[in-house]
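In the numbering used here, the protein residues as written are 7 to 197.
Virtual Cβ for every residue (Gly too), placed ideally from N, Cα, C.
Predicted model only: the values in this text are computed from it and were never measured.
Structure first, then comments.
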């Protein structure tokens, strides 16, 4: 039994012992996602750890927490920083904090200088992410589950461990979704 299946079975078994039907359903969905991910289970856990540590550092910094809107996403140890900071000093401060987190291979600092986005903008971004993912799911020419979609102020960021062809298709689909102003690729390519 491979590592991904063992991890999924362990997770499902634990939730079954807890007697939580919703947990079982979510565990099954999570297991399917783990099984379809090209990253190893260990890499997926490492990404979760990187995100937790980096976001915690930003939240614990009062200036960053109170004056910025910054998110840190990790995929296969490649970190994407998005959001807004009112000045370069705070943007650079966030970058320096994230650099302290262990096991990061590279950081893409896409924090924009400007006023932190409002809840209405963030809600619209969530809607755009859903539209992009739905458009990708409707296209049967590639495995959309290998692409992670992040939207920040109508700009779509695409992450994943993909082939050149998958990257091209994902980018084309995202660019054609109404409301998307820009698409930025943060892919790692497989052969």
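Cβ shell of residue 138 (< 8 Å), same chain only, five flanking positions each side left out
155, 157, 162, 179, 180, 183 and 186
So, helix, strand or coil for residue 67, using DSSP?
coil
Give the C-beta separation of residue 135 and residue 159 to the nearest angstrom, bearing in mind that I take them to be a contact with Cβ-Cβ under 8 Å.
Wrong, their Cβ atoms sit about 12 Å apart, outside the cutoff.
Classify residue 110 as helix, strand or coil using the three-state DSSP reduction.
coil
Range covered by the beta strand (DSSP E) that runs through residue 183
Taken as a continuous stretch (DSSP letters only), residue 183 belongs to no beta strand (DSSP E), as it is neither H nor E.
Using 10 angstroms around the beta-carbon of residue 97, count the other beta-carbons present and answer buried if the total reaches 16, otherwise exposed.
Residue 97 is buried by the Cβ-count criterion.
On the DSSP bridge list, what partners appear for residue 150?
According to DSSP, which records beta bridges pairwise, residue 150 is partnered with nothing at all.
Just curious, the beta strand (DSSP E) that residue 77 is in, first and last residue?
75-81
Residue 88 - containing alpha helix (DSSP H), residue span:
Segment 84-91 is the beta strand (DSSP E) holding residue 88; no alpha helix (DSSP H) there.
Residue 115 versus residue 104 - alpha carbon distance:
10 Å
Excluding the five sequence neighbours on either side, which residues of its own chain have a C-beta within less than 8 Å of the C-beta of residue 175, listed in chain order?
Correct list, in chain order: 145, 147 and 148.
When you compare each of 100, 112 and 170 to residue 119 by their alpha carbons, which one comes out closest?
100
Measuring straight from C-alpha to C-alpha, what distance separates residue 77 and residue 193?
Distance between the alpha carbons of residue 77 and residue 193: 18 Å.
Would you give the residue range spanned by the beta strand (DSSP E) that residue 120 belongs to?
Residue 120 -> no beta strand (DSSP E), and no H or E assigned at all.
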